[in-house]
Every structure is written in C-alpha cells, then in structure tokens.
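Everything on this sheet refers to the single structure shown next.
Residue numbers (this note's numbering), protein chains in the order written: chain B, 240 to 353; chain G, 552 to 661.
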C-alpha cells in the first residue's frame, strides 16, 4: 500500500514565522501535490510537482513556496505565516504515467496561525 | 478555476438504505474520481471512471458518468454506519491535476 506521511498532525505557529510542512511518500511516485482544505471550499491546489526540482503553481500559490530536492519528499513553505493561512493542509502523490492515476493522500496537518 | 459541485451537501440515512450523491462539473474531463474522507483524516480514493465509460462498479459502490450532462453520481448500496464520512468528486482535466468539489457529508444511523 502507498504510504504518504505528513510530519505533523497538528501545528501552532505565530504570525510572521516561516513554517515548513513536510511530506514523504514511499512508492516512488513522480507527482506530488499540496492542497489546503477549508470548510465549504473543498480542496484547493496550492502547488504541484511532477519531478525532482520541478514545480507548478496551482490555484492558490500566493504566500506559499515549495521544495522538492528528492523524489520522495515535497515540502510546503509558508514564507511569512498569516492568520488566513490557518487551515488543514493535505499532501498527495500519484504515479506519473500520464492521466487516469488516483492520488494517495496523507492524513493532513491542521495548522493554526496565531 | 472550474470545480465539481456535489449535491446534496449533507445526507442522513438509516443503515441498510442506499445513498446517492451527485456531482456536476463545467468543462470536458479525462476522468472523474470519487474520494472518501473520514473525520480528521486524509482522502481515500474510491473509484475512477474515464470519460469514455458510462458506469463502473466496485463492491457496494456504483458510479455513473454522463458527459453530455457533465454529471456523475455515486451510489452506495446497503449502507453501513462505517460509511459515515464526507465524499468528494474530483475531475481531471489535464496531466494528473484534480479539481475537487465541496463534498457531501453522509451520516448513516445505526
């Protein structure tokens, strides 16, 4: 079974801090994703990576950056955390063989910015 | 960006009954996928239906896709209390990028 592991289930940070969310997958997947989930808004894609050192902006990249130095690890960075970034963050991965691939999700990080 | 819309937003049924959730989307797709999310957890992939397929089954799940109406339905037969969760449809438009709807919260009462 694919395992996607997010480093923290709960995280509390202060406004202005630089925040790192880490995600690791163990299935040698090419694609990795970061989403945020807010009540009533569903999941929204922040960033997407289809290979090491490659990234693409999703629907809401403002205030975020990402890093993918190794295939199995995809990091989401909040450059200067703000209260409107309080949310549930979900990481996912998928096989890179073109379309029609399901995504496999971690259990999420609930981030609170005070 | 385009987004799937689920209907209803919430559904409450008795154990043993069938649950039907609907999803509509706006533009052409490669496939449509359904995911389940238990409270406080990540999403779990349930089923994927390609744009050239009309119906697909997996255990107690039945998914239909009508590309002319840009809609899909997920039917869970003989529901169980353990089916209580949120269900999301997601559409793939290019590459492997998905656009998710807002979800249907299903409660199955024992």
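Glycine included, every Cβ here is placed at the ideal spot set by N, Cα and C. As the structure is a prediction and not an experimental result, all values here were calculated from the model.
Rounded separation between residue i and residue j - CA only
i	j	result
residue 572 (chain G)	residue 272 (chain B)	26 Å
residue 628 (chain G)	residue 638 (chain G)	15 Å
residue 648 (chain G)	residue 610 (chain G)	27 Å
residue 569 (chain G)	residue 326 (chain B)	33 Å
Below-8 Å beta-carbon distance, residue i vs any chain G residue
i	result
residue 347 (chain B)	yes
residue 246 (chain B)	no
residue 350 (chain B)	no
residue 341 (chain B)	yes
residue 333 (chain B)	yes
residue 287 (chain B)	yes
residue 315 (chain B)	no
residue 259 (chain B)	no
Limits of the beta strand (DSSP E) - the one that residue i falls within
i	result
residue 595 (chain G)	594 to 601
residue 570 (chain G)	570 to 575
residue 283 (chain B)	281 to 290
Beta carbon proximity, residue i to chain B, threshold 8 Å
i	result
residue 596 (chain G)	yes
residue 649 (chain G)	yes
residue 601 (chain G)	yes
residue 592 (chain G)	yes
residue 654 (chain G)	yes
Whether residue i touches residue j by CB criterion (8 Å)
i	j	result
residue 317 (chain B)	residue 302 (chain B)	yes
residue 294 (chain B)	residue 305 (chain B)	yes
residue 258 (chain B)	residue 345 (chain B)	no
residue 643 (chain G)	residue 584 (chain G)	yes
residue 353 (chain B)	residue 251 (chain B)	yes
residue 297 (chain B)	residue 287 (chain B)	yes
For residue j and residue i, believed in contact at Cβ under 8 Å, the rounded distance
i	j	result
residue 562 (chain G)	residue 582 (chain G)	Going by Cβ atoms, the distance from residue 562 (chain G) to residue 582 (chain G) rounds to 24 Å, so no, they are not a contact pair.
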